[in-house]
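All remarks here apply to the structure that follows.
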Amino acid sequence: MTDDSDSETDADGDGDASADGTADADDRVPVLLVKGDREYLIQPGGEQGTDLGVLEVPEDVQPGDTVETHLGEAFRVRRLRGPDLFHQFERTGAPMVPRDVGLVIGETGVSRGDRVLDTGTGTGVLAASMARAGAEVVTYERDPEFADVARENMKLGGVDDSVDVRTGDLTEEIDALEPSSFDVLTLDTGDAAAVVEHAPDLLVDGGFVAVYSPFIESTREVVAAAREVDLANVRTRETIQREMQFDDRGSRPSTAPVGHTGYLTIARNV
Numbered sequence: 001m002t003d004d005s006d007s008e009t010d011a012d013g014d015g016d017a018s019a020d021g022t023a024d025a026d027d028r029v030p031v032l033l034v035k036g037d038r039e040y041l042i043q044p045g046g047e048q049g050t051d052l053g054v055l056e057v058p059e060d061v062q063p064g065d066t067v068e069t070h071l072g073e074a075f076r077v078r079r080l081r082g083p084d085l086f087h088q089f090e091r092t093g094a095p096m097v098p099r100d101v102g103l104v105i106g107e108t109g110v111s112r113g114d115r116v117l118d119t120g121t122g123t124g125v126l127a128a129s130m131a132r133a134g135a136e137v138v139t140y141e142r143d144p145e146f147a148d149v150a151r152e153n154m155k156l157g158g159v160d161d162s163v164d165v166r167t168g169d170l171t172e173e174i175d176a177l178e179p180s181s182f183d184v185l186t187l188d189t190g191d192a193a194a195v196v197e198h199a200p201d202l203l204v205d206g207g208f209v210a211v212y213s214p215f216i217e218s219t220r221e222v223v224a225a226a227r228e229v230d231l232a233n234v235r236t237r238e239t240i241q242r243e244m245q246f247d248d249r250g251s252r253p254s255t256a257p258v259g260h261t262g263y264l265t266i267a268r269n270v
């Protein structure tokens with residue numbers, strides 16, 4: 001990712017600058033306005049009502065600036081980062097947590113120029129994160145209301161020009177997709193195994209499949225399907241982390257709930 005790029009063609013897929021070096025209105029990427037535990041994601045030129053007054057954000061606002069409400073309360077301007085999407089997107093369910101997003105991107109190598117086919121859009125954190133890494137993403141969401149929310153989230157994240165949110169069931173659309181036209185296939189649905197069966201036809205040579213599931217049963221089905229169609233390097237890992245606790249008594253893993261979120265299966269079309 002290249003969040004800190006100052007070039008006229010923004011490296012996060014945020015849109016091209018106009019001839020005078022300023023971004024077009026539709027291409028301006030929202031920034032975070034932060035004060036204490038308050039965070040507001042606002043597009044340059046926009047405004048937001050808060051309990052501390054109305055924030056009016058200048059069109060030329062830059063990270064590091066300070067913006068005051070009409071009541072004189074100062075907010076610090078911060079650049080939007082990938083993990084912020086998890087906290088700022090409107091939720092239609094449990095979004096993929098940042099550590100799991102990182103695993104998907106790290107294991108598949110999603111990067112600029114890649115074309116990704118995704119299904120189970122949900123809140124859209126994964127799709128938006130892959131777009132911020134430079135990929136063009138086509139993502140399917142069955143629920144029309146969830147799809148509408150995801151489209152708004154893509155706008156909020158400044159990646160709506162890189163993410164095509166489609167309403168529908170991917171299993172019913174596969175035959176209409178161009179063969180060998182995707183570099184990565186990411187799946188977060190209960191019927192992922194049915195899509196994995198088509199992975200060799202959908203992916204380029206060397207392309208990756210990443211399937212995320214909270215349940216062992218569906219994960220076993222995915223692994224069986226991947227092996228049946230001769231995908232290579234099929235492997236599954238539980239995504240789990242333990243937070244560490246440091247205090248005067250000593251150091252140990254936190255006694256908070258264990259950090260299991262799901263199972264990630266990776267395979268490759270070779």
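Quick note: the sequence shown uses UniProt numbering, first residue 1, plus one each step.
Heads up, the beta-carbon is just placed ideally off N, CA and C, and yes, glycines get one too.
Residue i and residue j closer than 8 Å at C-beta
i	j	result
residue 52	residue 71	yes
residue 162	residue 138	no
residue 232	residue 184	no
residue 100	residue 212	yes
residue 197	residue 229	yes
residue 182	residue 132	no
residue 54	residue 63	no
residue 186	residue 210	yes
residue 140	residue 216	no
residue 113	residue 82	no
residue 221	residue 256	no
Three-state secondary structure (DSSP) of residue i
i	result
residue 173	helix
residue 184	strand
residue 77	strand
residue 217	helix
residue 244	strand
residue 86	helix
residue 54	strand
residue 102	helix
C-alpha distance - residue i paired with residue j, whole-angstrom precision
i	j	result
residue 104	residue 189	15 Å
residue 25	residue 155	With a pLDDT of 43 at residue 25, under the threshold of 50, the modelled position of that residue is not reliable, and the figure given next carries that caveat. Straight-line Cα distance between these residues: approximately 12 Å.
residue 46	residue 142	32 Å
residue 252	residue 259	15 Å
residue 30	residue 129	15 Å
residue 73	residue 108	44 Å
residue 176	residue 170	10 Å
residue 174	residue 204	15 Å
residue 254	residue 240	13 Å
residue 207	residue 268	6 Å
residue 94	residue 110	23 Å
residue 152	residue 84	16 Å
residue 280	residue 50	Nothing in the structure corresponds to residue 280, since the chain is present only between 1 and 270.
residue 118	residue 125	12 Å
residue 65	residue 98	27 Å
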